[in-house]
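Right, one structure below, let's go through it.
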Amino acid sequence: MEKLLTVTIPAYNAEKYIEYTLNSLGAGYGEKKQLEQLEILVVDDGSVDQTGAIADQYAEKYPDIVRAIHKENGGHGSGINCGIREARGRYFKVIDADDWVDSEAFWKLVRTLEQCEDDAVVSGFYWRLDNGNGNPESFSKEVEIKEPFSGVIYGQTYLFDEVAENLYIKMHGVTWSTAILKQLPMRIDEKCFYVDSEYVLYPIPWIQTIRFIPDFVYQYRIGREGQSVSPERLLRNQNDYEKVLGALLLFYEDCIAGKYPCTEPKLHYIEGGIARCVSGRIKIFLSQRADRKIKEELVQSERILQNKYPAIYEKNRNKAVKMLRLSHYRLYRAAVFALKHSKRKV
Numbered sequence: 021m022e023k024l025l026t027v028t029i030p031a032y033n034a035e036k037y038i039e040y041t042l043n044s045l046g047a048g049y050g051e052k053k054q055l056e057q058l059e060i061l062v063v064d065d066g067s068v069d070q071t072g073a074i075a076d077q078y079a080e081k082y083p084d085i086v087r088a089i090h091k092e093n094g095g096h097g098s099g100i101n102c103g104i105r106e107a108r109g110r111y112f113k114v115i116d117a118d119d120w121v122d123s124e125a126f127w128k129l130v131r132t133l134e135q136c137e138d139d140a141v142v143s144g145f146y147w148r149l150d151n152g153n154g155n156p157e158s159f160s161k162e163v164e165i166k167e168p169f170s171g172v173i174y175g176q177t178y179l180f181d182e183v184a185e186n187l188y189i190k191m192h193g194v195t196w197s198t199a200i201l202k203q204l205p206m207r208i209d210e211k212c213f214y215v216d217s218e219y220v221l222y223p224i225p226w227i228q229t230i231r232f233i234p235d236f237v238y239q240y241r242i243g244r245e246g247q248s249v250s251p252e253r254l255l256r257n258q259n260d261y262e263k264v265l266g267a268l269l270l271f272y273e274d275c276i277a278g279k280y281p282c283t284e285p286k287l288h289y290i291e292g293g294i295a296r297c298v299s300g301r302i303k304i305f306l307s308q309r310a311d312r313k314i315k316e317e318l319v320q321s322e323r324i325l326q327n328k329y330p331a332i333y334e335k336n337r338n339k340a341v342k343m344l345r346l347s348h349y350r351l352y353r354a355a356v357f358a359l360k361h362s363k364r365k366v
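Residue numbering for the sequence shown follows this note's numbering, starting at 21 and increasing by one per position.
Below you can see the structure in the form of structure tokens.
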């Protein structure tokens with residue numbers, strides 16, 4: 021039987037979080053008919069703790085809803101790829117094993133999916149700062165994107181090309197058409213961090229319609245020790261970041277060459293998305309000590325980008341990057357100092 025929504029949870033050594041994540045998906049807000057339309061895939065990515073055993077317990081208790089998939093370790097992208105291959109739902113959403121959903125908002129999303137045929141549905145999400153007390157609901161929260169664009173009419177179907185210029189879709193907020201994900205000619209990079217940008221940009225050439233709902237469904241945990249977006253992990257995994265950026269630039273070249281059905285608004289959107297990744301790469305350079313050699317590497321990478329991909333270079337919207345470029349990188353040391361003493365360590 022086809023399901024309405026597949027929720028994929030890539031999970032590696034997540035025994036501390038996975039039960040809370042799973043429970044948030046079914047906390048009494050969904051009717052029996054809606055629950056039966058839900059498919060939850062827990063992709064155990066070679067965990068060496070009790071993650072796999074917990075997934076098996078839920079699959080045994082809810083055999084028509086939860087499936088536990090055990091595989092060798094392949095990284096976050098591998099878990100997503102596995103979920104896409106196995107998905108039987110008409111729509112597809114990824115939830116990280118240490119995050120969760122607001123149950124009431126999640127079931128509003130489900131009811132929206134029941135009533136629409138759009139290629140993508142975008143909902144809001146909160147950043148939830150882990151205060152270490154073990155109670156996620158007590159974590160302070162912050163909205164990064166208050167609304168998708170000014171004047172949005174929630175629940176209305178939009179042509180993607182008509183609103184692309186004002187959009188910024190993040191992985192935590194998007195629910196894709198599974199059919200589009202299954203027919204993508206490329207896969208998410210495996211054994212690699214920072215693949216979120218691939219997940220949100222690769223489908224764009226094929227997206228025709230999009231809908232927005234006002235509910236803040238996803239609860240994204242930040243501040244957890246060892247999180248991949250911390251400055252320390254960004255620096256340690258710099259090669260992974262370069263790998264993903266390289267894959268996105270090859271994808272962009274294929275879009276320009278007409279290999280994919282990429283309209284001009286979609287191409288501009290992809291340029292903006294990759295420009296955000298470039299800002300992330302600059303952040304990695306600035307996360308290191310102020311050093312002449314590192315500065316030279318930064319400047320060289322920027323020159324290559326400007327010469328080879330001028331449209332992406334010009335799409336930058338990050339004010340700090342803009343100031344750094346306008347100063348011809350004379351503000352490099354000041355930028356290193358400012359990042360080191362910034363309050364948000366994510």
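Ideal placement from N, C-alpha and C gives every residue a C-beta, glycine not left out. Keep in mind it's a predicted model, so treat the numbers as computed, not measured.
- When the Cα atoms are used, residue 57 and residue 43 turn out to be separated by approximately 17 Å.
- For residue 349, no alpha helix (DSSP H) run applies, since DSSP gives it neither H nor E.
- Here residue 359 has 251, 303, 306 and 307 as same chain residues with Cβ atoms under 8 Å from its own Cβ, once five neighbours each way along the sequence are excluded.
- Excluding residues up to 5 positions away in sequence, 291, 292 and 295 lie with their Cβ nearer than 7 Å to the Cβ of residue 335 in the same chain.
- DSSP lists no beta-bridge partner residue for residue 83.
- Scanning its chain for C-beta atoms nearer than 6 Å, with the 5 sequence neighbours on each side dropped, one finds around residue 129 the residues 143 and 237, in chain order.
- Ranked by Cα distance from residue 83, the options 161, 97, 59 and 311 are led by 59.
- By the criterion of a C-beta distance shorter than 7 Å, residue 208 is surrounded in its chain by 97, 100, 101, 215, 218 and 219, once the five residues flanking it on both sides are discounted.
- Remark: C-beta atoms of residue 30 and residue 117 approach each other more closely than 8 Å.
- The DSSP-derived three-state label of residue 330 is helix.
- Under the 10 Å beta carbon count, residue 69 is surrounded by fewer than 16 other beta carbons and is classified as exposed.
- By the Cβ neighbour-count rule, residue 113 is buried, with 16 or more other Cβ atoms within 10 Å of its own.
- Less than 8 Å divides the Cβ of residue 94 from the Cβ of residue 211.
- In the three-state DSSP reduction, residue 31 falls in the strand class (E or B).
- In the structure shown, residue 172 falls within a coil segment according to DSSP collapsed to helix, strand and coil.
- Residue 76 and residue 138 have their C-alpha atoms spaced approximately 33 Å apart.
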